[in-house]
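Q:
Numbering (the working numbering), first residue to last: 5 to 100.
1) Along the chain, where does the beta strand (DSSP E) containing residue 29 start, and where does it finish?
2) Answer with buried or exposed for residue 87, where buried requires no fewer than 16 other C-beta atoms within 10 angstroms of its C-beta.
3) Of all the options 38, 33, 71, which has the alpha carbon lying nearest to the alpha carbon of residue 61?
4) For residue 13, name the three-state secondary structure that DSSP assigns.
5) When you compare the region 33-48 with the region 70-77, are there three or more beta-carbon pairs, one atom per stretch, that lie closer than 8 Å?
Laid out in structure tokens, this is it:
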């Protein structure tokens with residue numbers, strides 16, 4: 005069996021979440037596509053300055069590009085903040 009002797013190479017890097025100033029929220033967004041263009045989705049989450057999760061959402065957006073999926077993530081996150089009168093929000097975008 006060929007896979008018995010296979011050892012995958014692992015690549016990793018540390019990722020740290022930096023908290024916002026006290027009394028502010030932080031919104032992290034992401035969008036991705038399988039291929040470009042391809043089946044795509046987005047997600048975002050809101051956390052307090054202590055790291056407590058306030059809200060999170062993820063959804064498929066159909067077949068589109070990675071750039072469009074990233075833009076949808078930003079739009080959906082900002083729309084949620086606006087609708088819920090969340091104005092002290094720092095937005096962190098991992099792409100674009």
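Each residue gets a CB set at the ideal place from its N, CA and C atoms; glycine is no exception.
A: According to the structure data:
1) 29-39
2) exposed
3) 33
4) coil
5) yes
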